[in-house]
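With our numbering applied, the sequence shown covers 1406 to 1726. Note that CB positions come from ideal geometry on N, CA and C, so glycine has one too. All remarks here apply to the structure that follows.
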Amino acid sequence: MKLTKILEEFPKRNIMIIGDVMLDKYTHGTVKRISPEAPIQVAEVQKETYTPGGAGNSANNIASLGAKAYILGVIGDDYSGTQIKQELKKRKINIEGIIEEKNRQTTLKQRTIAQGQQLLRLDYETQEEIQKETETKLIDYITEKIHDIDGIIISDYAKGLITGNLAKKTIILASSYNVPVMIDTRPQHKIYYKYATIITPNESEARKMAKLDKASIEKVGKKLVKKLNATVLITRGEKGMTLFRKNNSMKHFPTVAREVYDVSGAGDTATAVLTLSITSGAKIEQAVQIANTSAGIVVGKAGTATTTIEEIKEVLNIKNK
């Protein structure tokens, strides 16, 4: 299947994103002086912007590529929770699967930026596991919607949304409907994702999962494939991506980034594009090529950025093919 045909299939896809939803807040200002109170910079605030983070960024990437995104997550009954829902709706992301828990802290990442440089980040969050009632509602929603879904992304930042039971039931259900499940997880939850379709850790996460700090990337990847019985795609920053398959093969994809400005959210973009590519008929190597290209585009943008089909086509040089 040609790459251009794969990309043109993206808007026809329905993707479910299950994971830790966050609000990214950016306070932009200028620094002209040092505070008389302490040896710190004073930033004069010019504007504040909000964008969905965490699993919300994965959903935003799906929506920006024209596909239908259904997001499942948990928020608190607070201002950040309300703001997240507004930001998701603004981007035409389906939020029926967002559940509110009373007295829960919605995850907020607040960054202060001046002269293009990040000065400070404040994190407001909890890692408390979701209530049993919330877990049941999520499983019921997945069961209800699975017939209409082409692919699932689990975006697990270990902030309490993903339980072992939720992960296991999602993978079993998806498997019974032949729906691929892509996993972006923190190392401590790796055991949840045995038999998933593809797992996409970065190199640091992969080494922690495999408990191999100094070994070659080949040993790390092959150990994870064997341990999790899944295809593993390790994202490696400026080194590109390395794919490990269950047939014991390994293939490296060099980076296509022209300029690295901000790496935040690049993994979310890669997983989103990988999912859309696989569900649009791409072979695994084609899907990784497109995902690698998309990650190279977003690292050249500020903040938790997204890409578009036209941008990907331009970099792949298939605009008129």
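From the DSSP output, in three-state form, read off residue i for me.
{"i": "Asp1483", "result": "coil"}
{"i": "Lys1724", "result": "Note that Lys1724 has pLDDT 45, beneath the 50 cutoff, so the model's placement of it is unreliable and no number is given."}
{"i": "Thr1540", "result": "Per the sequence presented here, residue 1540 reads as Glu, with Thr not at that position. Residue state, collapsed to three classes: helix."}
{"i": "Pro1457", "result": "strand"}
{"i": "Arg1612", "result": "helix"}
{"i": "Ile1420", "result": "strand"}
{"i": "Gln1488", "result": "helix"}
{"i": "Asp1589", "result": "strand"}
{"i": "Val1584", "result": "coil"}
{"i": "Ile1500", "result": "strand"}
{"i": "Glu1506", "result": "strand"}
{"i": "Ile1551", "result": "helix"}
{"i": "Ile1717", "result": "helix"}
{"i": "Lys1529", "result": "The question names Lys, yet the displayed sequence has Tyr at residue 1529. In this structure, Tyr1529 counts as strand in the three-state DSSP scheme."}
{"i": "Ile1445", "result": "coil"}
{"i": "Ile1535", "result": "coil"}
{"i": "Lys1706", "result": "coil"}
Relative to the ligand GTP, is the shortest distance from any of its heavy atoms to the C-beta of residue i smaller than 7 Å?
{"i": "Lys1628", "result": "Of the ligands one can find in the structure shown there are none, so the ligand GTP has no counterpart to examine."}
Could you say which of the options lies nearest to residue i if we only look at CA atoms?
{"i": "Val1450", "options": "Ile1577, Met1614, Asp1482 and Ala1519", "result": "Ala1519"}
{"i": "Ile1717", "options": "Lys1706, Ala1710 and Ala1700", "result": "Ala1700"}
{"i": "Ile1554", "options": "Ala1579, Lys1542 and Gly1565", "result": "Ala1579"}
{"i": "Leu1524", "options": "Lys1628, Glu1719, Ala1474 and Val1447", "result": "Val1447"}
{"i": "Val1584", "options": "Ile1445, Lys1550, Pro1416 and Lys1542", "result": "Lys1550"}
{"i": "Tyr1431", "options": "Ile1559, Lys1514, Ile1683 and Glu1690", "result": "Lys1514"}
{"i": "Met1646", "options": "Asn1634, Tyr1546, Thr1676 and Gly1569", "result": "Thr1676"}
{"i": "Asn1465", "options": "Lys1613, Ala1687 and Ser1560", "result": "Ser1560"}
{"i": "Tyr1562", "options": "Ser1463, Gln1488 and Thr1713", "result": "Ser1463"}
{"i": "Gln1593", "options": "Thr1575, Ile1567, Leu1648 and Leu1493", "result": "Ile1567"}
{"i": "Thr1575", "options": "Ile1558, Ile1503, Pro1457 and Leu1617", "result": "Ile1558"}
{"i": "Thr1435", "options": "Glu1492, Thr1517 and Gly1642", "result": "Thr1517"}
{"i": "Lys1599", "options": "Leu1617, Tyr1582, Ala1611 and Thr1636", "result": "Thr1636"}
{"i": "Asn1508", "options": "Thr1531, Met1421, Pro1659 and Leu1428", "result": "Thr1531"}
{"i": "Gly1424", "options": "Ala1460, Gly1471, Glu1453 and Gln1691", "result": "Ala1460"}
{"i": "Lys1497", "options": "Ile1480, Thr1511 and Ala1468", "result": "Ala1468"}
{"i": "Val1426", "options": "Thr1512, Lys1473 and Lys1452", "result": "Thr1512"}
{"i": "Glu1505", "options": "Glu1492, Leu1527 and Gly1481", "result": "Gly1481"}
{"i": "Met1655", "options": "Ser1682, Gly1642 and Lys1624", "result": "Lys1624"}
{"i": "Leu1721", "options": "Gln1694, Glu1492, Thr1712 and Val1704", "result": "Gln1694"}
{"i": "Val1479", "options": "Thr1409, Ala1443, Glu1540 and Thr1602", "result": "Glu1540"}
{"i": "His1657", "options": "Gly1626, Ala1687, Gly1672 and Asn1634", "result": "Gly1626"}
{"i": "Asp1528", "options": "Thr1454, Gly1486, Asp1429 and Gly1471", "result": "Asp1429"}
{"i": "Arg1641", "options": "Ile1714, Glu1608, Leu1633 and Gly1521", "result": "Glu1608"}
{"i": "Gly1502", "options": "Gly1458, Asp1545, Lys1495 and Gln1536", "result": "Asp1545"}
{"i": "Ile1411", "options": "Ser1440, Ile1445 and Thr1684", "result": "Thr1684"}
{"i": "Phe1415", "options": "Val1678, Ala1671, Phe1649 and Thr1602", "result": "Val1678"}
According to DSSP, which residues form a beta bridge with residue i?
{"i": "Phe1658", "result": "Met1646"}
{"i": "Val1426", "result": "Gly1459"}
{"i": "Lys1452", "result": "His1433"}
{"i": "Asn1607", "result": "Thr1640"}
{"i": "Ile1476", "result": "Ile1422"}
{"i": "Ile1467", "result": "Paired residues: none, contrary to the question."}
{"i": "Ile1622", "result": "Ile1622 pairs with nothing; no bridge assigned."}
{"i": "Ile1439", "result": "Gln1446"}
Note the first and the last residue of the continuous alpha helix (DSSP H) segment covering residue i.
{"i": "Asn1570", "result": "Gly1569 to Ser1581"}
{"i": "Leu1617", "result": "That residue, Leu1617, is in no alpha helix (DSSP H); it is neither H nor E in DSSP."}
{"i": "Thr1680", "result": "Ala1671 to Thr1684"}
{"i": "Gly1565", "result": "Neither: Gly1565 is in no alpha helix (DSSP H) and is coded neither H nor E."}
{"i": "Lys1651", "result": "Looking at the DSSP string, Lys1651 is not in any alpha helix (DSSP H), and its letter there is neither H nor E."}
{"i": "Ile1411", "result": "Leu1408 to Glu1414"}
Could you please give the first and the last residue of the uninterrupted beta strand (DSSP E) stretch that includes residue i?
{"i": "Thr1698", "result": "Taken as a continuous stretch (DSSP letters only), Thr1698 belongs to no beta strand (DSSP E), being part of the alpha helix (DSSP H) at Ile1689 to Val1703."}
{"i": "Ile1559", "result": "Gly1556 to Asp1561"}
{"i": "Lys1514", "result": "Thr1512 to Ala1519"}
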